[in-house]
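S.K.: Those protein sequences? They're chains A and B, same order as listed. Everything in the first sequence is counted per this note's numbering, starting at 7 for the first residue and increasing by one. Everything in the second sequence is counted per this note's numbering, starting at 2 for the first residue and increasing by one. Ideal placement from N, C-alpha and C gives every residue a C-beta, glycine not left out. Take a look at this one; I'll ask things after.
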Amino acid sequence: MIDFGSFKARDCGGSTRRSFLRTAATVPLAMRAGLPTPEVIAAAKSRAKAKSVILLWLWGGPSHIDLVDPKPDASMDYRGPFGTIDTRTTGMKFTELLPRMAARSDKFSVIRSMVNSNNGHPGAGTVGVTGFEESPGPVQPNFGAIVAKHRGQDGSLPPFFYVGRGIPRDLPRRIEGYGGGTLGKAYDPFLVSASDRGEVSIPTLKMMPNMSPGRISDRRQLLTQLDEERYRLDAAKVEEWGHKYQSAYGLLTSAEARAAFDLTQESKETRSSYGRSTFGQGCLLARRLAESGVPYVQVNWSEYVETFTPGGDWGWDTHIYNFELLQDRHGPIFDRAYSALLDDMTERGLMEDTLLIAMGEFGRTPRISNRAAREHWNQCYFSIWAGAGVQSGRVIGQSDPKGERPVSRPITPLMAGTTIAELTGVGAQQRAELKVLDGGSVIDELF
Amino acid sequence: MNCFEHRTSNTQRWASNDRTSMFDVGRWMLNVRIGPVLLLILLLVVTDAQAADPIQLTTDGALKRDPRFVGNGAKLVFCYDEGPNLVRMLQMKMDDRSITPVFEDAGNRHNLEPAWSLDGQWIAYTQCTGNLTARLVIHNRAENTDVFITHPGRGGTRSPTFSPDSKTVVYAFAETGPQQLWSVDTAGKNKKQLTEFSGITNWPTFTPDGKTIVFANSRENNYELYAVAADGSNEQRLTENTIMDIRPRVSPDGKRIAFVSTRDGNYEVYVMNLDGSHVQRITTSEERDDYPAWHSNGRQLVTVSERNGEFDLYLFDVEPTHHASEKLSASLDVVSKP
Numbered sequence: 007m008i009d010f011g012s013f014k015a016r017d018c019g020g021s022t023r024r025s026f027l028r029t030a031a032t033v034p035l036a037m038r039a040g041l042p043t044p045e046v047i048a049a050a051k052s053r054a055k056a057k058s059v060i061l062l063w064l065w066g067g068p069s070h071i072d073l074v075d076p077k078p079d080a081s082m083d084y085r086g087p088f089g090t091i092d093t094r095t096t097g098m099k100f101t102e103l104l105p106r107m108a109a110r111s112d113k114f115s116v117i118r119s120m121v122n123s124n125n126g127h128p129g130a131g132t133v134g135v136t137g138f139e140e141s142p143g144p145v146q147p148n149f150g151a152i153v154a155k156h157r158g159q160d161g162s163l164p165p166f167f168y169v170g171r172g173i174p175r176d177l178p179r180r181i182e183g184y185g186g187g188t189l190g191k192a193y194d195p196f197l198v199s200a201s202d203r204g205e206v207s208i209p210t211l212k213m214m215p216n217m218s219p220g221r222i223s224d225r226r227q228l229l230t231q232l233d234e235e236r237y238r239l240d241a242a243k244v245e246e247w248g249h250k251y252q253s254a255y256g257l258l259t260s261a262e263a264r265a266a267f268d269l270t271q272e273s274k275e276t277r278s279s280y281g282r283s284t285f286g287q288g289c290l291l292a293r294r295l296a297e298s299g300v301p302y303v304q305v306n307w308s309e310y311v312e313t314f315t316p317g318g319d320w321g322w323d324t325h326i327y328n329f330e331l332l333q334d335r336h337g338p339i340f341d342r343a344y345s346a347l348l349d350d351m352t353e354r355g356l357m358e359d360t361l362l363i364a365m366g367e368f369g370r371t372p373r374i375s376n377r378a379a380r381e382h383w384n385q386c387y388f389s390i391w392a393g394a395g396v397q398s399g400r401v402i403g404q405s406d407p408k409g410e411r412p413v414s415r416p417i418t419p420l421m422a423g424t425t426i427a428e429l430t431g432v433g434a435q436q437r438a439e440l441k442v443l444d445g446g447s448v449i450d451e452l453f
Numbered sequence: 002m003n004c005f006e007h008r009t010s011n012t013q014r015w016a017s018n019d020r021t022s023m024f025d026v027g028r029w030m031l032n033v034r035i036g037p038v039l040l041l042i043l044l045l046v047v048t049d050a051q052a053a054d055p056i057q058l059t060t061d062g063a064l065k066r067d068p069r070f071v072g073n074g075a076k077l078v079f080c081y082d083e084g085p086n087l088v089r090m091l092q093m094k095m096d097d098r099s100i101t102p103v104f105e106d107a108g109n110r111h112n113l114e115p116a117w118s119l120d121g122q123w124i125a126y127t128q129c130t131g132n133l134t135a136r137l138v139i140h141n142r143a144e145n146t147d148v149f150i151t152h153p154g155r156g157g158t159r160s161p162t163f164s165p166d167s168k169t170v171v172y173a174f175a176e177t178g179p180q181q182l183w184s185v186d187t188a189g190k191n192k193k194q195l196t197e198f199s200g201i202t203n204w205p206t207f208t209p210d211g212k213t214i215v216f217a218n219s220r221e222n223n224y225e226l227y228a229v230a231a232d233g234s235n236e237q238r239l240t241e242n243t244i245m246d247i248r249p250r251v252s253p254d255g256k257r258i259a260f261v262s263t264r265d266g267n268y269e270v271y272v273m274n275l276d277g278s279h280v281q282r283i284t285t286s287e288e289r290d291d292y293p294a295w296h297s298n299g300r301q302l303v304t305v306s307e308r309n310g311e312f313d314l315y316l317f318d319v320e321p322t323h324h325a326s327e328k329l330s331a332s333l334d335v336v337s338k339p
C-alpha cells in the first residue's frame, strides 16, 4: 500500500486516478529552469563511480564501543557488558549485538577514527551531513544537496530523498543542515517514509490544506486550490513552493516513480529479510530508489534523537537504558536491516556503482555514566563504508585502548562529504564552482 | 483485537512424526557397526525433535517484549509497539485469545516490563515519564491507586519483580555508578539498595520460596547469571561463557531457570537447572528468540520470537528434566547458608 499524503493510492484508481493525472500534468511548473540539462547530467554520470549514494543516518549518536569498536581489555567502567565476536575481517571484532554484520564484514570497511567538531545533536548533525558548523552561517548544503545540484533530476524522481518520519531533530529544533543550504531550497530533500509494514507515504502532500481523494480528483478544484496557494506566497517563495509540489505531483503522475515506492512489488522473502521495522523497510525503499537511479538517499534511523521519551521514536541518544536498548532494539534492528540491504544490493549487482555508508553524528562516552549508560562523545566514533570502489574487509583508523580518541589520522565529516562528492563525480573543480566542501580531502584509506 | 493460535511447522516435524522409524535406523546402524558417533548424532536429533511445534499466539508481527503469564496462566500480559513511538501494555485472555489494554488511559507514555504479584493485587512496571526519565509504578489493582518509585536525577528503573509473598518489589537501578538491585515494599516504603556489585546488574527473579534471587551481572566482561540470597549475600555463579546470558526467569516449581543467550550465534532461549547444570536449548531458529516467561504449569514457556522478520508470541513446550530436584536442593543449601 502506498499512502500518498493523506489518502491511499490504491483508493485512487480507475477514472479517478486518470482524472487526477490529467490534472497534475497541467499544474504550472517552472522548476526545470536553472537545473542541469540532460547533456550535463549524462556527463556527470559518466564521471561518477557512484551512480547512487545511500546514507544510513544513525541519528542520535550510536555507541561505537558497544557496536563495532569494542574494548574488551578496558576496565569495567569503560568496556560495557557485551561480549565480542569475530568478524570475517582479520583483527576486527564486533560486539555480539551485530552477528549478521560480523559475518559480512568482508563486504564493507569500518572507520574507527571519526571525529566531529560539535558535541550537541543539531549542531553535530549539521556537521555530520554538511561538513561544517551551523554558525557562523550561512549553513552549508547537505552532501545530498551537492550531489543533487550536480546531477540534477533525471526522470520523474527527485535527486535527493530523505527516507524517514521527518527532518532529523531533537526536541528543541531540527538540524539546520538538512537540505540545500547555500545551494537553495530547490535542493532540499524530498521526504518519503515507510512504516514497519512497508507502507510508503509522502508527507509533502499532507501539507496541502483540505486535500482529499475527492478534491484531488477534481481538476477545477485542484487548480483553484493551487492558484490560491501560489497567490498567498511572495515571489521569493514561489520557486520553493513550485519545486515541492512539482516533485510530489510528478511522483503521482509517473509510473516509474510509483513503482519505485511500491514495496509490494518485492517478494515476501525480500521484504521480511529487512525486518519488521521502519528503518528496515526504509532501507528496502532506499534500495528501490537507488535502483531507479536516484543519486542520493538518506535513510534516517529516526526523526528524533530522543530514545526513551514520550513521542520520541527511538533514536540512538541513549543517555539512559543504553545497554538495554542496544540489545533489545537498536542492535538487532540495525544488524538485520544493514545485512539485508548489503545482501540484496550485492545480489542485484548494485554495489558496483552504489556507495553505502552508515554513520551517526558522533559516538558515546567510553566511560560508562553513573546512570549505567553513555553520554555524547564527538572525539571518536565510527562509520561503515561499502560499494562504489571502496575496498572492503578493512579496518580504517584506530582508537585508543579506551575508545576515547583516534590514535591514527582523524577522519572528519568534511572528509566523508568530500569522498562522497568525488565518488559521485563532483570533483574539485565542480566543488569550487559550487563553493562547497571547501578545504575537504578524500579519505584515501578507503581505496 | 483477535489473534489466532496454530502450531507452526518447522524442520523438526519430520523427525517428530517419524520417531519410530528413526530408532529403527539407529538399530540398523548398531547392527552394521557404523559407529557410536553416528548413533549419538541420531539420538540428539531425536531428543531435540521430541518437543512439539510451538503454538503461535499472535499474528500481527509488531515488535513485542516482556510477556508474563498471570492469574495461573489465564492471562498473558505483554508489551508491544503500538506505533513508531509508543510501547503499550496489553493482556491476552488465553481462553479466547482476546486482547485488551492493561490500562485504558495510559496516554502516550511507554509502559513496559510488567510484573504481577502472585496474590494478584499488585502490578509493577516501568513507565517513561519524560525525556530520558522513567519511574517504577506499583499499581494497586483493588484500589486502582499508584505508588511511584523515583530516584533523584534522570534515569530509569528496570526489570521489576515481586517477592513470592507479594510484599516487596525488587528492581534494578543505577543511582551513582554501577547498576544495582534495589528493593521497596508495595507501599513505596523502605527503598534500599540490595547489592554492591561491580558491573551492570539486571533482571532479578525470585525462587518460589523467596530465599534466592537470580539475576545477570556483567562484571566478567559480559552478562553472566548468578544467584544470591534474598538479602544480597552468598553469591553463586550459574553460567560461564564469553557472551551474554540474560533475562533469567525461575520456573514456578523453582527447579529451573529459563534465560536468553547468544552462545549459539543469535538470541536463543535456554533452560537450565537452578544451579546452572543441564542446559537445554529450547529454540533453534536462525532468527531472534527472546523474553522467555514460564507458564504457571511449569511445562511451557512463552517467548517473543522473530519469524520472517515478524515478532510474535510463541508457546514452547519444555521437557521435564529428572536431574532438576536434586540439584535444586544442593543449590539452595549453598545459597542459603549465612
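For LEU201/B, which residues in chain A fall below 7 angstroms Cβ to Cβ?
M.R.: Note that residue 201/B corresponds to Ile in the displayed sequence, not to Leu. Near ILE201/B (Cβ distances below 7 angstroms), the residues of chain A are PRO87, PHE329 and ALA378.
S.K.: Which complete alpha helix (DSSP H) runs does the region 121-179 of chain A hold, if anything under 4 residues is left out?
M.R.: Runs of the alpha helix (DSSP H) inside the region 121-179 of chain A: 127-136 and 149-157.
S.K.: Cutting at 6 angstroms between CB atoms, please list the residues of its own chain near ARG94/A, excluding the five before and the five after it.
M.R.: Closer than 6 angstroms at the Cβ level, and outside the excluded window around ARG94/A, lie SER111 and ASP112.
S.K.: Hey, how far is the Cα of ASN141/B from the Cα of PRO153/B?
M.R.: When rounded, the distance between both Cα atoms is 24 angstroms.
S.K.: What is the residue span of the alpha helix (DSSP H) that ARG373/A lies within?
M.R.: Note, ARG373/A: premise wrong, no alpha helix (DSSP H); not H, not E.
S.K.: Below 8 angstroms on the Cβ atoms is my contact criterion, and I expect PHE88/A with THR101/A to pass it. Report the Cβ-Cβ distance as a whole number of Å.
M.R.: Between THR101/A and PHE88/A the Cβ distance is about 4 angstroms, and since that is below 8 angstroms, they are a contact.
S.K.: Thinking just about the alpha-carbon of each residue, which of PHE163/B, LYS192/B and THR177/B is nearest to the one in VAL215/B?
M.R.: Minimum Cα distance to VAL215/B is reached at PHE163/B.
S.K.: Against chain A, does ILE150/B count as a neighbour if the rule is that its beta carbon must be under 8 angstroms from one of theirs?
M.R.: Taking Cβ atoms only, chain A never reaches closer than 8 angstroms to ILE150/B, which makes this a no.
S.K.: For VAL153/A versus PRO165/A, is the C-beta distance shorter than 8 angstroms?
M.R.: Cβ distance < 8 angstroms, so VAL153/A and PRO165/A count as in contact.
S.K.: Closer than 8 angstroms is the cut-off here; do at least three beta carbon pairs connect the region 102-122 of chain B with the region 297-312 of chain A?
M.R.: Touching, no, given that fewer than three Cβ pairs across the two stretches are closer than 8 angstroms.
S.K.: So that I know if they touch, is there some Cβ in chain B lying closer than 8 angstroms to that of GLY97/A?
M.R.: No, GLY97/A lies away from the interface with chain B (no Cβ there is under 8 angstroms from its Cβ).
S.K.: Whose C-alpha, out of GLY266/B, THR304/B and ASP186/B, is nearest the C-alpha of GLU287/B?
M.R.: Nearest of GLY266/B, THR304/B and ASP186/B to GLU287/B, Cα basis: GLY266/B.
S.K.: Starting from GLN181/B, trace the beta strand (DSSP E) both ways and give me its first and last residue.
M.R.: Run containing GLN181/B: 181-186, per the beta strand (DSSP E) assignment.
S.K.: Between which two residues does the beta strand (DSSP E) holding CYS129/B run?
M.R.: Looking at the DSSP string, the run of the beta strand (DSSP E) that includes CYS129/B is 123-131.
S.K.: Is VAL229/B near the ligand MG - that is, is its Cβ less than 7 angstroms away from at least one heavy atom of it?
M.R.: Absence of the ligand MG is noted for the structure shown, with no ligands found whatsoever.
S.K.: Please state whether DSSP places THR352/A in a helix, a strand or coil.
M.R.: THR352/A falls in the helix class under three-state DSSP.
S.K.: For my contact list, PHE70/B and MET90/B are in at a C-beta cut-off of 8 angstroms; report their separation, rounded to the angstrom.
M.R.: About 14 angstroms; that fails the 8 angstroms criterion.
S.K.: If we call anything under 8 angstroms between Cβ atoms a contact, is ALA231/B one with GLU225/B?
M.R.: Contact: no.
S.K.: Return no unless some Cβ of chain B is closer than 8 angstroms to the Cβ of LEU177/A.
M.R.: Cβ-Cβ to chain B under 8 angstroms: yes for LEU177/A.
S.K.: Using beta-carbon positions only, say whether ARG282/B and SER306/B come within less than 8 angstroms of one another.
M.R.: No. Outside cutoff.
S.K.: I'd like to know if THR263/B contacts chain A, where contact means its C-beta is closer than 8 angstroms to some C-beta of that chain.
M.R.: Yes, its Cβ sits closer than 8 angstroms to a Cβ of chain A.
S.K.: Starting from ILE426/A and walking both ways along the beta strand (DSSP E), at which residues does that stretch end?
M.R.: Careful: ILE426/A lies outside any beta strand (DSSP E), inside the alpha helix (DSSP H) at 419-429.
S.K.: For CYS289/A, does the three-state DSSP call read helix, strand or coil?
M.R.: DSSP places CYS289/A in helix when its eight states are reduced to three.
S.K.: Could you list the residues in the region 243-272 of chain B with a C-beta less than 8 angstroms from some C-beta on chain A, going in chain order?
M.R.: Answer in chain order: THR243, ILE244, MET245, ILE247, THR263, GLY266, ASN267 and TYR268.
S.K.: What in chain B is Cβ-close to ILE326/A, meaning under 8 angstroms?
M.R.: Result: LEU133, THR134, ALA135, ARG155, GLY156 and GLY157.
S.K.: Would you check if the distance between the CB atom of PRO412/A and the CB atom of ALA80/A is smaller than 8 angstroms?
M.R.: The answer is no: Cβ separation not under 8 angstroms.
S.K.: Distance check for PRO105/A and ASP341/A, CA to CA, integer angstroms please.
M.R.: Answer to the nearest angstrom: the Cα atoms are 7 angstroms apart.
S.K.: Which residue or residues does DSSP assign as beta-bridge partners of ASN274/B?
M.R.: Note: ASN274/B sits in a beta bridge opposite ARG257/B.
S.K.: On a CA-only basis, which of ASN148/A, LEU440/A and LEU197/A is nearest GLY186/A? Give me that one, please.
M.R.: Considering only alpha carbons, the answer is ASN148/A.
S.K.: Output the distance between the C-alpha atoms of THR188/A and ASP349/A, rounded to the nearest integer angstrom.
M.R.: Those two C-alpha atoms are separated by around 37 angstroms.
S.K.: If I follow the unbroken beta strand (DSSP E) through GLU114/B, where does it start and stop?
M.R.: From DSSP, the beta strand (DSSP E) with GLU114/B extends over 112-117.
S.K.: Leaving out the 5 sequence neighbours to the left and right, which residues in its chain are closer than 6 angstroms to GLY233/B when beta-carbon positions are compared?
M.R.: Excluding sequence neighbours, GLY233/B sits near LEU195 and THR196.
S.K.: Are GLY67/A and GLY366/A closer than 8 angstroms when you measure CB to CB?
M.R.: Yes, they are a contact pair.
S.K.: Using the rule of at least 16 other Cβ atoms within 10 Å of the residue's Cβ for burial, across every protein chain shown, is LYS57/A buried or exposed?
M.R.: It is buried - the Cβ of LYS57/A has at least 16 other Cβ atoms within 10 Å.
S.K.: Given a cut-off of 8 angstroms on the beta-carbon distance, is the pair TRP123/B and THR187/B in contact?
M.R.: Yes.
S.K.: Under a Cβ-count criterion, where at least 16 other Cβ atoms within 10 Å of its own Cβ denotes burial, should ARG354/A be classed as buried or exposed?
M.R.: It is exposed - the Cβ of ARG354/A has fewer than 16 other Cβ atoms within 10 Å.
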